[in-house]
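Visitor:
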Amino acid sequence: MTDSQNEQGDDRTADVVILGAGPAGLVLGNILLANGIDCVVLERAERTHVQQRARAGFLAAHTVRILERHGLAAGLHRRGQTHDTCEFRTQDGRFQLTYSALGQGEPHTVYPQQDLVCDLLTHYQEAGGRISFATEAVAVLDAHSHRPVVTARKADGRSSRWQARYVAGCDGRHGAARRALPPATVRHRLDHQVSWLGLLAEAPPSLDAVGYAVHHRGFAGHMARTSTITRYYLQCDRGTPAQSWSEERIWDELDLRMGAKAYGPLQRGAILERSVVDLESDVIEPLRHGALFLAGDAAALISPSAAKGANLAVLEAEILAQALTDDLLHGVGEGLDAYSPRCLTHIWRAQEFSRWMIGLLHSPPGNDSQASFLNSLQRSRLSSLRTSRSQQDWFATHYVGL
Ligand code: APR
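In the numbering used here, the protein residues as written are 39 to 440.
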């Protein structure tokens with residue numbers, strides 16, 4: 039079905055109106071459609087923007103199993119790469135952990151998120167799924183009634199109203215779903231006081247591992263994306279303008295923090311994209327308000343330090359799809375009642391591990407006695423990870439699990 043056919047569709051009703059065509063919204067849409075549930079996806083951005091937006095890329099094995107279960111994994115099996123090793127570079131030397139062989143660890147599949155989104159979109163539309171691009175959800179009204187309404191606005195200014203039985207807010211942290219929450223909703227929020235310059239480089243990976251460098255000048259990270267593209271992170275001062283570092287300075291700093299002198303230089307290339315990310319986390323509680331359900335970044339924002347965001351989004355989408363299907367097809371609403379507590383358990387576990395990773399990877403600022411104490415704790419944490427098998431098992435289990 040083409041976009042224009044979608045637009046001409048006479049109805050402005052759907053059993054489930056899904057806000058946002060990221061991993062959460064598209065996994066949800068695909069499963070609902072396969073289960074015979076009438077749904078529509080409203081997406082603020084143009085199709086090309088959604089298909090090209092480079093984001094995360096590490097899919098945990100449980101995420102791959104969810105996608106396989108619903109026939110959504112063909113592309114990642116064809117083009118994804120298996121990854122199962124982390125390398126830590128520290129002032130005390132380097133060490134590798136092959137996490138697939140430790141604890142309950144399993145390999146990741148490295149598959150750029152925009153490729154996954156393209157696969158999900160193609161699958162959804164080939165199955166006849168309705169989606170409206172360049173359509174911003176403006177408000178969710180009457181969320182506590184049996185007929186909630188979503189008001190939306192096209193990029194050209196035309197507005198529309200969608201009547202639903204349920205609304206799935208998969209529209210990220212600044213979307214309409216969060217704006218519709220009652221004032222009493224709890225938003226737990228933590229600023230990790232750390233910023234990263236996130237870089238996408240046109241350069242092959244330089245390590246066969248995810249590289250984490252812990253350096254007194256700040257953290258540096260290396261994450262493969264494809265055979266020609268690598269993501270790097272450099273810890274930077276809060277407020278640093280993304281453009282203020284020249285490409286040469288970026289590569290010199292990466293070489294320095296990643297110990298290129300000792301371990302070999304990084305393969306350099308053009309910096310294709312850059313942005314400064316302030317590491318922040320938040321969690322909305324509860325994730326249900328009447329007929330409105332939150333999933334993905336709309337439900338909880340997680341710092342990228344442990345690559346949990348997209349994995350949580352896919353897990354929540356599957357749980358929500360099952361619960362909506364049980365209710366709409368069989369009149370069984372227990373799954374919807376359990377959705378929020380069930381997902382919050384996974385979310386808080388992921389937040390806890392992600393926070394632990396931040397403590398592992400970043401030196402506290404300053405050189406007073408408190409900073410030096412925290413520095414020594416960090417060194418001790420790294421040393422346990424290097425030498426203690428039980429700590430390595432714990433790490434592997436949480437690094438890949440939720
Ligand atoms: N109306 C319609 N669409 C909207 C609106 C709105 N008001 N606001 C935002 N959107 C769209 C965005 O354009 C985007 O395509 O919602 C989509 C949200 O998608 P993502 O940001 O990819 O979020 P999600 O599906 O929750 O995926 C979560 O992926 O990259 C990781 O770390 C990232 O944790 C994140 C995870």
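Where a beta carbon is used, it is the ideal one built from N, C-alpha and C, also for glycine.
The structure presented is a predicted model; accordingly, all values stated were derived computationally and were not measured.
Give the secondary structure of D209 by DSSP, where H, G and I count as helix, E and B as strand, and everything else as coil.
Guide: The answer is coil: DSSP assigns D209 none of H, G, I, E or B.
Visitor: Ordered along the chain, which non-local residues of its own chain (more than five positions away) have a Cβ less than 6 Å from that of R419?
Guide: Contacts found: L398.
Visitor: Under DSSP, the beta strand (DSSP E) around S319 begins and ends at which residues?
Guide: First-last of the beta strand (DSSP E) with S319: A308 to E323.
Visitor: Just tell me which of E323, T101 and H115 has its CA closest to the CA of R227.
Guide: The shortest C-alpha separation from R227 is found at E323.
Visitor: Give a single yes or no on whether R50 has its beta carbon closer than 6 Å to a heavy atom of ligand 1.
Guide: No; taking the cut-off as 6 Å, the Cβ of R50 has no heavy atom of ligand 1 nearer than that.
Visitor: Distance check for L362 and V79, CA to CA, integer angstroms please.
Guide: Each residue's alpha carbon lies about 15 Å from the other.
Visitor: Using the three-state DSSP reduction, which class does T435 fall into: helix, strand or coil?
Guide: T435: helix per DSSP, three-state reduction.
Visitor: Of all the options Y204, V188, L154 and V65, which has the alpha carbon lying nearest to the alpha carbon of D53?
Guide: Checking every option, the nearest Cα to that of D53 belongs to Y204.
Visitor: Exposed or buried, which one is R405 when buried takes at least 16 other CB atoms within 10 Å?
Guide: For the record, residue 405 in the displayed sequence is Asn; it is not Arg. N405 should be labelled exposed.
Visitor: Indicate whether T268 and A239 have their beta-carbon atoms separated by less than 7 Å.
Guide: Going by C-beta atoms, T268 is nearer than 7 Å to A239.
Visitor: Tell me which residues share the same chain as L374 and place their Cβ nearer than 6 Å to its Cβ, disregarding the 5 neighbours each side in the sequence.
Guide: Contacts found: A361 and D365.
Visitor: Which of the three DSSP states, helix, strand or coil, is assigned to K346?
Guide: It is coil, neither helix nor strand.
Visitor: Measure the CB-CB distance between R276 and S313 and report whether it falls below 7 Å.
Guide: No, the Cβ-Cβ distance between R276 and S313 is not below 7 Å.
Visitor: Helix, strand or coil: how does DSSP classify W386 here?
Guide: W386: helix per DSSP, three-state reduction.
Visitor: Taking only the alpha-carbon atoms, compute the straight-line gap between S401 and C77 and give it to the nearest angstrom.
Guide: Straight-line Cα distance between these residues: approximately 47 Å.
Visitor: Using only the heavy atoms of ligand 1, determine whether one of them is closer than 6 Å to the beta carbon of Q151.
Guide: Yes; taking the cut-off as 6 Å, the Cβ of Q151 has a heavy atom of ligand 1 nearer than that.
Visitor: Provide the residue(s) that pair with W234 in DSSP beta bridges, ordered along the chain.
Guide: Partner(s): Q273 and V315.
Visitor: Where do the ends of the alpha helix (DSSP H) carrying F411 lie?
Guide: S407 to T425 is the span of the alpha helix (DSSP H), which, as asked, contains F411.
Visitor: State the start and end residues of the unbroken alpha helix (DSSP H) segment that holds D246.
Guide: Here D246 belongs to no alpha helix (DSSP H), and DSSP marks it neither H nor E.
Visitor: Nearest-angstrom Cα distance between V352 and V178?
Guide: Distance between the alpha carbons of V352 and V178: 23 Å.
Visitor: What is the residue span of the beta strand (DSSP E) that H7 lies within?
Guide: With the chain running from 39 to 440 in the structure shown, residue 7 is simply not present.
Visitor: I'd like to confirm something about A38: is its beta-carbon nearer than 6 Å to some heavy atom of ligand 1, or not?
Guide: Any property of residue 38 remains undetermined from this structure, which presents the chain solely from 39 to 440.
Visitor: If D335 sits next to R424, beta carbons under 8 Å apart, how far is it from one beta carbon to the other, in whole angstroms?
Guide: About 34 Å separates the two Cβ atoms, so there is no contact after all.
Visitor: Following a CB-centred definition, is A172 positioned closer than 6 Å to any heavy atom of ligand 1?
Guide: Incorrect: A172 has no Cβ contact closer than 6 Å to ligand 1.
Visitor: Would you give the residue range spanned by the alpha helix (DSSP H) that H115 belongs to?
Guide: Looking at the DSSP string, the run of the alpha helix (DSSP H) that includes H115 is A112 to R117.
Visitor: Measuring CB to CB, does V305 end up less than 7 Å from A241?
Guide: What sits at residue 305 in the sequence shown is Gln, not Val. Yes, the pair counts as a contact, with Cβ atoms nearer than the cut-off.
Visitor: Would the stretch 129-147 and the stretch 275-289 be scored as touching if the rule is three or more Cβ pairs under 8 Å?
Guide: No contact exists between the stretch 129-147 and the stretch 275-289.
Visitor: Kindly indicate which three-state DSSP category D41 falls into: helix, strand or coil?
Guide: Unreliable positioning characterises D41 in this predicted model, as indicated by a pLDDT of 42, which lies under 50. A coordinate reading is not provided.
Visitor: Looking only at its own chain, which residues have a Cβ that is under 7 Å from the Cβ of T266, when we skip the five neighbours before and after it?
Guide: E240 and P242.
Visitor: DSSP on T51, reduced to helix/strand/coil?
Guide: It is a strand residue.
Visitor: Can A193 and A175 be called in contact, C-beta distance under 7 Å?
Guide: Not in contact: A193 and A175 (Cβ atoms no closer than 7 Å).
Visitor: Just the Cα atoms here: how many angstroms apart are T383 and A99?
Guide: One C-alpha to the other measures close to 19 Å.
Visitor: Express the C-alpha separation of Y162 and I288 in angstroms, rounding to a whole number.
Guide: Near 40 Å, if we compare the C-alpha coordinates of Y162 and I288.
Visitor: Which residue's Cα is closest to the Cα of R263: A92, Y437 and G195?
Guide: Minimum Cα distance to R263 is reached at A92.
Visitor: How many whole angstroms separate the CB atoms of Y271 and G302, which I take to be in contact at a CB cut-off of 8 Å?
Guide: Between G302 and Y271 the Cβ distance is about 19 Å, and since that is not below 8 Å, they are no contact.
Visitor: Could you check the C-alpha separation between S421 and Y250 for me, to the nearest Å?
Guide: S421 and Y250: Cα-Cα distance of roughly 14 Å.
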